[in-house]
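Asks: In this text, residue positions in the sequence shown follow this note's numbering: the first is 86, and each later residue adds one.
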Amino acid sequence: MNKMLIRITNNWTIDNSEEQLVGMFLDEVISLFQIPEEDGCFPYPPVRDGSAYPHGYLKDGEHVLITCHYNSSLLFTCQCRKGSYIDDQFPGCPAKNEPYMPDGEDSTGCEKYDGYYPNTHAEPPGPYKDGEEFWIGCNSDSTVSYRFVCKHGHYSGFLDDCPDFSNTTNEPENLSGYEDKNGCGLYPFVMNGYADPPGPVNNGEHVTVKCNFSHSEYNVTCQDGTYETVDLKCPEAQKLEDDDPTRCKPYPSVENGYAYPTGPLKHGEELFVICPKMIKIYKLVCVNGEYRGSFTNC
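Okay, here's the thing in structure tokens:
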């Protein structure tokens, strides 16, 4: 298949050289030609500075999960009822900001980083001169960091979220405040993994917990409003073997986006660079120690 730009929906475009990636979004294409079931809802409208899941049509009683891209770890659920979404508890997502942090001794510079964003640290810690770059990293994951630049006293850059996992366990629990007794809320955080779908789900349905750095998967069923207890063990990322020149190192931080998985990768393995603001996804392949693909920047 020749390299081409494929229009998937009104919102997503994918720059890709393989047909496989198209299949990931095929359900969205099909949904364009559907109509809601009786009392069901059309796809949730685009969320400014955020995203909604699932992307397609919902049945009466089902929920959509809303996450925010910037400066917020809050999660919202809106229920489809009689053809309309009940979203009065969703205030909207915060916009990207560039906090003003001038250095008292240099009006064009920026002061030392003091943890403005929760659960983060900066390298170098500052203070910073005008135009100087620095990286804000997540305390919970040493592989996640975001590039910032000091611009006339402002911290200028993109930071998605660095959640606090210090008190998190793999014991499934219902989402606090989730009142639907006919199902389960959001599935809790899984170290080195994630749940697909993230929830909520109805009783008898299941989520699949997938591991970031292995092919292990676990099906966890919702029973009587509670997720069944499963011994989840997702391995950490393997350290790069210096004597294997065909392996690719972890992909560097992406300004205004992120890579998934982060790596390291073996020869022939793939990762995706996701640009939330541009609403694009790029696929890269590890080839003899180098990442190959069409991505330039977000």
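Note that CB positions come from ideal geometry on N, CA and C, so glycine has one too. Predicted model, so just to flag it, every value in this text is computed and none were measured.
With His-291 and Val-275 assumed to form a contact (beta carbons below 8 Å), what rounded beta-carbon distance in angstroms separates them?
Replies: Actually they are not in contact, since the Cβ atoms of His-291 and Val-275 sit about 14 Å apart, beyond 8 Å.
Asks: What residues match up with Gly-135 in a beta bridge as DSSP calls it?
Replies: Cys-153.
Asks: Cα separation between Pro-337 and Cys-235?
Replies: Their Cα atoms are separated by approximately 20 Å.
Asks: Please confirm whether Tyr-240 and Cys-195 have their CB atoms less than 8 Å apart.
Replies: A contact, by the Cβ cut-off of 8 Å.
Asks: Which residues bound the beta strand (DSSP E) around Gly-375?
Replies: Just to set this straight, residue 375 is Glu in the shown sequence, not Gly. Run containing Glu-375: 375–377, per the beta strand (DSSP E) assignment.
Asks: Hey, quick one: how far does the beta strand (DSSP E) through Lys-295 stretch, first residue to last?
Replies: Its beta strand (DSSP E) spans residues 291–296.
Asks: Give me the Cβ distance between Tyr-72 and Ile-221, rounded to the nearest whole Å; I'm assuming they're in contact under 8 Å.
Replies: Because the chain spans 86 through 383 in this model, residue 72 falls outside it and cannot be assessed.
Asks: Using 10 angstroms around the beta-carbon of Lys-368, count the other beta-carbons present and answer buried if the total reaches 16, otherwise exposed.
Replies: By the 10 Å Cβ count, Lys-368 comes out buried.
Asks: Using a Cβ cut-off of 8 Å (strictly closer), state whether Glu-354 contacts chain B.
Replies: Going by chain labels, chain B is absent from the structure shown, which holds only one protein chain.
Asks: With DSSP run on the structure shown, which of helix, strand or coil describes Ser-338?
Replies: Three-state result, Ser-338: coil.
Asks: Within 10 angstroms of the Cβ of His-148, are there 16 or more other Cβ atoms? Answer buried if so, exposed if not.
Replies: The residue is buried, with at least 16 neighbouring Cβ atoms inside 10 Å.
Asks: Any idea if Cys-371 is buried or exposed, counting beta-carbon neighbours within 10 angstroms, 16 or more meaning buried?
Replies: Label assigned to Cys-371: buried.
Asks: With a Cβ-Cβ cutoff of 8 Å, do Gly-238 and Thr-205 count as a contact?
Replies: It is not a contact, given that the beta carbons lie outside the stated cut-off.
Asks: Need the endpoints of the beta strand (DSSP E) that Gly-189 sits in, please.
Replies: Note, Gly-189: premise wrong, no beta strand (DSSP E); not H, not E.
Asks: Using DSSP with H/G/I as helix, E/B as strand and the rest coil, what is Thr-204?
Replies: What sits at residue 204 in the sequence shown is Asn, not Thr. Reduced to three states, the DSSP call for Asn-204 is coil.
Asks: According to the Cβ coordinates, are Tyr-343 and Ile-366 closer than 8 Å?
Replies: It is not a contact, given that the beta carbons lie outside the stated cut-off.
Asks: How would you call Arg-332, buried or exposed, if buried means at least 16 neighbouring beta carbons within 10 angstroms?
Replies: That one is buried.
Asks: Give me the Cα-Cα distance between Asp-134 and Leu-350, rounded to the nearest whole angstrom.
Replies: Computed Cα separation, rounded: 31 Å.
Asks: In its own chain, which residues sit with a C-beta less than 8 Å from the C-beta of Tyr-279, not counting the 5 before and 5 after it?
Replies: Answer for Tyr-279: Val-294, Lys-295 and Asn-297, listed in chain order.
Asks: Who are the Cβ neighbours of Gly-268 in its own chain at under 7 Å, not counting the five residues just before and after it?
Replies: So the list reads Pro-285, Val-286, Asn-287, Asn-288, Cys-307 and Gly-310, once near-sequence residues are dropped.
Asks: Should Pro-128 be labelled buried (16 or more other beta-carbon atoms within 10 Å of its own) or exposed?
Replies: Pro-128 comes out buried.
Asks: I'd like to check one pair, Leu-150 with Cys-165: are the Cβ atoms closer than 8 Å?
Replies: No; because the gap between Cβ atoms is not below 8 Å, this pair is not in contact.
Asks: Give the range of the beta strand (DSSP E) segment to which Phe-357 is assigned.
Replies: That run of the beta strand (DSSP E) goes 355–360.
Asks: Can you tell me whether Leu-271 is helix, strand or coil according to DSSP?
Replies: Coil.
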